[in-house]
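Trainee: Positions 4 to 236 (this note's numbering) are the ones given, in order, by the sequence shown.
Okay, handing you the structure first.
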Amino acid sequence: MAVNLRRKYTVSGSLEYNQLVPIVIDAQERIISALANPFATARTATIDNCSSHVASVFPEELACAIVDFLEILKVNSTEVAITKASSDRKDYDLSCVLSDDDKSWWMSENGSLPFSVDGNDSKNDEIYLQFQLSTDRKPRRVRSLFIRIPPLPFGPLSLFEFRVDYSLDSKRWVSCDHLMRTASVHGLQRFDLPEFDAIDVRLVCLSNHGARYRQDSMTNELDCVGLYTVLWR
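Now the structure itself:
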């Protein structure tokens, strides 16, 4: 029976992910062998050429399920949930950071932030917000990040330097390869990221804007960090 799979799919070549459902391994190998770049980490491809081959091995319903399983969707803001804060002053519910407004905020606890503007603090000291990107616990593709902070002079505790970590299993984390900095401005700020697939992501906060102007006599005034909004795209 012929299968109509004439759609664009993003195919993941991650063997670890395919091991979650052993039955699709054979199908994935057949699909990838029909493409130009075997075992690519993540790429967009048209499955037209191998649709009939998959259909010859599996029944139509199962063939469609296999291709759907291999599809990596772009992250959708309606699915994103914040699941953890390594430190939280509890001014508002954590979910407030998923709203694009300046009426509520997240702030880490007093004394939680080491003073650094070089991003070299030990992992024991890291302050982060952790997000789940999908309701079905399948990977989602991330390309950018939007952050809103209160600018100076109103926001000396606002997030300044940060990085992004991501994971496919919530155990092993990979760091994006560059440090990012917010500007002291109103509104959402966009940060383009190296494209990656993940189930969970962390925004790791490394310093605040006020730390750049800290004086030695200021011991506890600037030892936490906060922001209004975090949106993943």
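Cβ coordinates follow ideal geometry from the N, Cα and C atoms, glycine included.
(1) State the DSSP-derived secondary structure class of Val228, mapped to helix, strand or coil.
(2) Between which two residues does the beta strand (DSSP E) harbouring Thr86 extend?
(3) What does the alpha-carbon distance come out to for the pair Pro153 and Arg193?
(4) Among Leu191, Pro142, Val188, Ala201, which one has its Cα closest to the Cα of Val167?
(5) Pull the bridge partners of Lys77 from the DSSP assignment, please.
(6) Taking 8 Å as the cut-off, decide whether the C-beta atoms of Cys99 and Leu160 are in contact.
(7) Taking a contact to mean a Cβ-Cβ separation below 8 Å, would you say Phe163 touches Ser210 in this structure?
(8) Asp128 and Trp109 - do their beta-carbons sit closer together than 8 Å?
(9) If you follow the beta strand (DSSP E) that Pro153 is in, where does it begin and where does it stop?
(10) Can you tell me where the beta strand (DSSP E) holding Ile130 begins and where it ends?
(11) Less than 6 Å between C-beta atoms, sequence neighbours within five positions excluded: which residues of the same chain meet that for Glu82?
Mentor: In brief:
(1) coil
(2) 84-88
(3) 15 Å
(4) Ala201
(5) Arg144
(6) no
(7) yes
(8) no
(9) Here Pro153 belongs to no beta strand (DSSP E), and DSSP marks it neither H nor E.
(10) 130-135
(11) Ser137, Thr138
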